[in-house]
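Asks:
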Amino acid sequence: MRRMEQGDALNLLTQMRRGALPYCVLALLRDEQRYGVEIVRLLGEVDGMVTSEGTIYPLLSRLRRQGLVETTWRESTAGPPRRYYQLTAAGHQALDAFAGEWERFSGAVEHFIGEGDPKR
Amino acid sequence: MTATDQLIEDYLGRLESAASTLPSAQRAELLTEIRTHIEITLSHEEGRGEAAVRTVLDRLGTPEDIAREAGTDLTVESPPQATATGRRRVGAFDLVTVILLLVGGIVLPGLGWVIAVVLLWASARWTTRDKLIGTLVFPGGLTALVGFLLFSGGSSQCSPSGSCTSSGSSVGVALTLGLVAAAGSIASAVYLLHRAQHAAA
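Protein chains in written order, with this note's numbering: chain A, 85 to 204; chain B, -3 to 197.
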C-alpha cells in the first residue's frame, strides 16, 4: 500500500467539508427562514467552512432542485427584494438523518483521534 | 455608469460566460442571486466606494469558481474529473470496424466482412488475441443467421392459419448453428468494444 501523505489528508478534509456543507446550510434553516446573504454571513463567521462565498448560491440552488429547501421572495425595507429559504419536510428528514449519523461518526473519530488516551 | 458599477458588471459578465454551459434557467437564477447578494451586501455598507465593492467581490470568490460549483451537479453521473479527462471514448473507426464485422457480410455479401477483418487487424486498438477472437468468433458475423432466415423463408410452408412447417430436420440443425454463430458474433462484438474502451482509458 502506498504511504499516506500530507496531501491525502488535505484532500480528504476538503472532500469532507464539501460533503458536510449542504447539511450545515440545512441546519441553519432548521428553525427559521433566512435569506441568501444571511446564510452566507453565518457560514462565513465560522472559520474553515467556506472560502468562496459565491459558491453557496449554486449549493442553495441544488438544495432547492432536490426539494430539500423552498424559497419565497419578500420585499425589504432597505435594498432589493430578498429570497428567503426554508426547509421542506424532505429537508428536515435529510438533516435529521445526517445529524444522527454525524454524531456517531464524529464521536467515533474523536474517540481515537482526540487528545489523550483512547481508552480513557 | 460609475467605476464601481463597472467593476460589478465586469464581474457578472465573467460569471455569465463562465456559466455558459449551465441550462439557461439555472444560469439566470445564479446571476440574479449573485447580483442580489452584491446589492444587499453593499446596502449594509457605509458606502459604495471602490474598496467596499472590491471586498464584496473578493469574498464571493472568482466567477470561475462559482460557475464550477454550479456545474458540479450536472456531472453527478459521470466519473470524477481526473478520470473523466483521461478517459477517451471508443473511436468512430473502432465502432465501424465492429459493426462491419457483424453485418458487413450482409450489406456487401462476403466482401463486407473481409473488409471488417482487414480493418480489425490494421487497428492498433486491439491485441492479437482480441483480433483472433474477432475474426474466428464467428466468420461472417450475422450473415449465417440471415442467410438461414432467407433460405428457410423460401422453403418452409405456411398454412393459411399462420403456422409454418419447415421442410426437413436439417433446418433445425441449420437454425441452431445460425443462432450459435449470431450469439457468438454479438458476444465477440461486445467484447471488442469493451476492449477498445479499456484500451482508450
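Even for Gly, the Cβ is constructed at its ideal location relative to N, Cα and C. These numbers come from a predicted model, not from an experiment.
Going by the beta-carbon positions, is the gap between Thr32/B and Pro165/A smaller than 9 Å?
Replies: Yes, they are a contact pair.
Asks: From Ala66/B to Glu60/B, what distance separates their C-alpha atoms?
Replies: Going from the Cα of Ala66/B to the Cα of Glu60/B covers about 10 Å.
Asks: Secondary structure at Gln150/A, three-state DSSP: helix, strand or coil?
Replies: Correct three-state label for Gln150/A: coil.
Asks: Helix, strand or coil: which one does DSSP assign to Gln22/B?
Replies: It is helical.
Asks: Since Thr156/A sits in a beta bridge, which residues does DSSP pair it with?
Replies: Per DSSP, Tyr168/A.
Asks: Would Ser136/A pass as a contact of Leu3/B if the rule is Cβ separation under 9 Å?
Replies: No, the Cβ-Cβ distance between Ser136/A and Leu3/B is not below 9 Å.
Asks: Just to make sure I have the definition right: I need the residues of chain A whose C-beta is within less than 9 Å of the C-beta of Asp61/B. Which are they?
Replies: Ordered by position in chain A, the residues that pass the 9 Å Cβ test against Asp61/B are Thr135, Ser136, Gly138, Thr139.
Asks: I'd like to know whether the C-beta of Glu46/B is nearer than 9 Å to at least one C-beta of chain A.
Replies: False, the Cβ-Cβ gap to chain A never drops below 9 Å.
Asks: Given this structure, state the Cα-to-Cα distance separating Tyr7/B from Leu53/B, to the nearest angstrom.
Replies: Roughly 8 Å between the two C-alpha positions.
Asks: Which residue marks the beginning of the alpha helix (DSSP H) containing Ala178/A, and which one marks its end?
Replies: Looking at the DSSP string, the run of the alpha helix (DSSP H) that includes Ala178/A is 173 to 197.
Asks: Looking at the unbroken alpha helix (DSSP H) that takes in Met100/A, where does it start and where does it end?
Replies: Start and end: 90 to 112.
Asks: Per the DSSP calculation, Tyr119/A is bridged to which residue(s)?
Replies: According to DSSP, which records beta bridges pairwise, Tyr119/A is partnered with Tyr168/A.
Asks: The alpha helix (DSSP H) spanning Pro59/B covers which residue range?
Replies: Run containing Pro59/B: 59 to 67, per the alpha helix (DSSP H) assignment.
Asks: For Ala181/A, would you say it is in contact with chain B, using Cβ-to-Cβ distances shorter than 9 Å as the test?
Replies: Answer no: the Cβ-Cβ gap between Ala181/A and chain B never drops below 9 Å.
Asks: At a CB distance below 7 Å, what residues from the segment 14 to 48 of chain B approach chain A? Give them in sequence order.
Replies: Those residues of the segment 14 to 48 of chain B that come within reach of chain A (Cβ to Cβ, closer than 7 Å) are Gln22, Glu25, Leu26, Glu29, Ile30, Thr32, His33, Glu35, Ile36, Thr37, Ser39.
Asks: Are the beta-carbon atoms belonging to Leu97/B and Leu128/B less than 9 Å from one another?
Replies: No, the Cβ-Cβ distance between Leu97/B and Leu128/B is not below 9 Å.
Asks: Using a Cβ cut-off of 7 Å, pull out every chain C residue sitting near Arg55/B, in sequence order please.
Replies: Absent here is chain C; the protein component of the structure consists of chains A and B.
Asks: With Glu46/B and Ala(-1)/B assumed to form a contact (beta carbons below 8 Å), what rounded beta-carbon distance in angstroms separates them?
Replies: Yes, they are in contact, since the Cβ atoms of Glu46/B and Ala(-1)/B sit about 6 Å apart, within 8 Å.
Asks: Helix, strand or coil: which one does DSSP assign to Leu8/B?
Replies: Note: Leu8/B maps to helix in three-state DSSP.
Asks: Determine the extent of the alpha helix (DSSP H) in which Leu56/B is found, giving its start and end residues.
Replies: 46 to 56 is the span of the alpha helix (DSSP H), which, as asked, contains Leu56/B.
Asks: Please return the same chain residues whose Cβ sits closer than 6 Å to the Cβ of Ala178/B, not counting the five positions on each side in sequence.
Replies: Counting only Cβ-Cβ distances below 6 Å, and skipping sequence neighbours, we find Leu138, Leu141.
Asks: Using C-beta distances below 7 Å, list every residue in its chain close to Arg10/B, excluding the 5 sequence neighbours before and after it, in chain order.
Replies: Excluding residues within five positions, the ones whose Cβ falls inside 7 Å are Pro59.
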